[in-house]
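The structure appears right after this line, and notes come after that.
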Amino acid sequence: MGFAKFYPYYEEARILKKGKIGNAEAFLVDASSAYKIEHAILKQNPKFALCDRDECESCRLFVTLKLLEPVRYAKSRLKRVAG
Ligand SMILES: [Zn+2]
5 MGFAKFYPYY EEARILKKGK IGNAEAFLVD ASSAYKIEHA ILKQNPKFAL
55 CDRDECESCR LFVTLKLLEP VRYAKSRLKR VAG
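Under the working numbering, the first residue of the sequence shown is numbered 5, with each subsequent residue one higher.
In structure tokens, the structure reads:
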């Protein structure tokens, strides 16, 4: 879910094309151009592409760069259990 954070940067660089495939929204970017943008952003902030959902197991638990993210995830689980 955090990957969409790159879209404004793609738009700014005018590499994001939007359309529809059937009823689904579709996005197209040139991979080489997108990579250059993503590399520059992630070099500054390796966590940039993570989503903001505390309860997201993927973003909170499975990337080694996120040393404090498991704590954030555990707190969200405890809140859910506590009601
Ligand atoms: Zn996530």
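For each residue, glycine too, the CB sits at the ideal point set by N, CA and C.
Own chain residues within Cβ distance below 8 Å of residue i, not counting five before or after
| i | result |
| --- | --- |
| residue 24 | 30 |
| residue 33 | 14, 19, 20 and 21 |
| residue 65 | 73, 74 and 77 |
| residue 46 | 52 and 53 |
Cβ-Cβ distance between residue i and residue j below 9 Å
| i | j | result |
| --- | --- | --- |
| residue 53 | residue 7 | yes |
Close-in-space but distant-in-sequence residues of the same chain around residue i (CB under 6 Å, 5 per side omitted)
| i | result |
| --- | --- |
| residue 59 | 80 |
| residue 55 | 5, 6 and 63 |
Simplified DSSP assignment, three categories, for residue i
| i | result |
| --- | --- |
| residue 51 | coil |
| residue 6 | helix |
| residue 32 | strand |
| residue 41 | helix |
For residue i, the nearest candidate out of the options (CA to CA)
| i | options | result |
| --- | --- | --- |
| residue 35 | 10, 49 and 62 | 10 |
| residue 12 | 27, 38, 26 and 28 | 38 |
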